[in-house]
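Chemist: Dropping the structure in here first, questions after.
In the working numbering, the protein residues as written are 11 to 406.
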């Protein structure tokens, strides 16, 4: 038996932020990140709409990028004090992801963060509150997914939390919020969406319900991402839809080792964090080549290539064409080819090599590895991550 889960209601299109005034409840806590939602006026709009719905509103602000376990615990404490019956999270993936984990600790104060790490082990939610997610970036699609990524900085590990319980009740996909993204964020989140869709399509858990979503999202990102990056707001609006479709696909088909590697390299090095979407973009061509040794995966990559009108007479030629196209997209978006080039070389080479074995073991153990079409050995994962640092060819 397979399962396909989405939010109960999804509102999309400009102006749909106003749907907040139709929520039914008494108290709403609004979880947001930095200042962008406030700066562009969306935070005030959201508060006003919730008050129009007759709710008392409290803010939990300043959720950091790559939210920490500590932030999650603070948010849960704020919820326990305020006792909301709606949790509304607005912004990029970080505040929405953080709010999902806060939700669990609010409803079950006796559990610990460590209790949530095992995939699909959450307790039954909605005992105290429902959840509404409003994305301002076009990549993570956390507004429609059963996932949340939280970082334990004391261990230098990003944990992907997974459970259908944390799929939001309501998603508001209003492209007006995404029109505020700067160019670099547009590039990174866009390639995150592309990775979501490609990994969902080749996942061992793909099905008839996820395949159409994944393929259409891939085509939309391929068509609209560069124009969105260049400032075309009509294309930006279409990308907001594309990332959501990709999220619907991967929330149900799951992901693969591009994400395993991105999760475990993201916070591992003292020089700085590797931004998730950029990591995915750099690693994706390498992983496609690695996975294409699996015949079924190769055929599905070839399907993708044909769907976006790439040329090739054989499966191998089509797979290689897809890799070339992904690299060309990265180049057009000014995304580096490898970790060594990331942000001018902030990831120290010696530290990278010293930690290679540990990071590789953690990547193999990541929740996303199990649905990858080819499960790497420790040696293969080390070679893959090494290749992603030095931009080496994959021939194993």
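All C-beta atoms in this analysis are idealised placements derived from N, C-alpha and C, irrespective of residue type, glycine included.
If you count every other CB in all the chains shown that lies within 10 Å of the CB of residue 137, and 16 or more means buried, which is it?
Modeler: exposed
Chemist: Would you decide whether residue 280 is buried or exposed? Buried here means 16 or more other CB atoms lie within 10 Å of its CB.
Modeler: exposed
Chemist: For the putative contact between residue 40 and residue 56, defined by C-beta atoms under 8 Å, what is the C-beta separation to the nearest angstrom?
Modeler: 6 Å
Chemist: Would the stretch 247-267 and the stretch 25-33 be scored as touching if the rule is three or more Cβ pairs under 8 Å?
Modeler: no
Chemist: Once you ignore the five residues that flank residue 316 on each side, which residues in its own chain have a CB closer than 7 Å to its CB?
Modeler: 328
Chemist: Report yes if the CB atom of residue 98 is closer than 7 Å to the CB atom of residue 38, and no otherwise.
Modeler: Taking 7 Å as the Cβ cut-off, residue 98 and residue 38 qualify as a contacting pair.
Chemist: CB-CB under 7 Å to residue 384, same chain, minus the five flanking residues each way: which ones, in chain order?
Modeler: The answer, listed in chain order, is 300, 301, 303, 304 and 307.
Chemist: Any idea if residue 389 is buried or exposed, counting beta-carbon neighbours within 10 angstroms, 16 or more meaning buried?
Modeler: exposed
Chemist: Does DSSP classify residue 101 as helix, strand or coil?
Modeler: strand
Chemist: Which same chain residues end up closer than 6 Å to residue 199 when comparing Cβ atoms and leaving out the 5 residues on each side of it in sequence?
Modeler: Correct list, in chain order: 147, 148, 149 and 287.
Chemist: Less than 7 Å separating the beta-carbons of residue 180 and residue 58?
Modeler: no
Chemist: What's the call for residue 244, buried or exposed, on a 16-neighbour Cβ count within 10 Å?
Modeler: exposed
Chemist: Mapping DSSP to helix, strand and coil, what is residue 374?
Modeler: Three-state result, residue 374: helix.
Chemist: Determine the DSSP secondary structure at residue 160, reduced to helix, strand or coil.
Modeler: Residue state, collapsed to three classes: strand.
Chemist: For residue 76, I'd like the list of residues in its chain whose CB is within less than 8 Å of its CB, leaving aside the five on either flank, ordered along the chain.
Modeler: 104, 159, 161, 168, 276, 277, 283 and 286
Chemist: On the premise that residue 154 lies in contact with residue 261, defined as a C-beta separation below 8 Å, what is that separation, rounded to the nearest angstrom?
Modeler: 6 Å
Chemist: So, helix, strand or coil for residue 398, using DSSP?
Modeler: Residue 398 falls in the helix class under three-state DSSP.
Chemist: Can you tell me the Cα-Cα spacing of residue 120 and residue 172, whole angstroms?
Modeler: So the alpha carbons of these two residues sit roughly 19 Å apart.
Chemist: Would residue 202 be called buried (16 or more neighbouring beta carbons within 10 Å of its own) or exposed?
Modeler: Counting C-beta atoms within 10 angstroms of its own C-beta, residue 202 has 16 or more neighbours from the protein chains shown and is therefore classed as buried.
Chemist: Under a three-way DSSP split, which group does residue 145 fall into?
Modeler: strand
Chemist: For residue 50, which residues from the same chain have a beta carbon less than 7 Å from its beta carbon, with the 5 sequence-adjacent residues on both sides left out?
Modeler: 190
Chemist: With 16 other CB atoms within 10 Å as the buried threshold, where does residue 375 fall?
Modeler: Exposed: under 16 other Cβ atoms inside 10 Å.
Chemist: Given this structure, state the Cα-to-Cα distance separating residue 372 from residue 255, to the nearest angstrom.
Modeler: 29 Å
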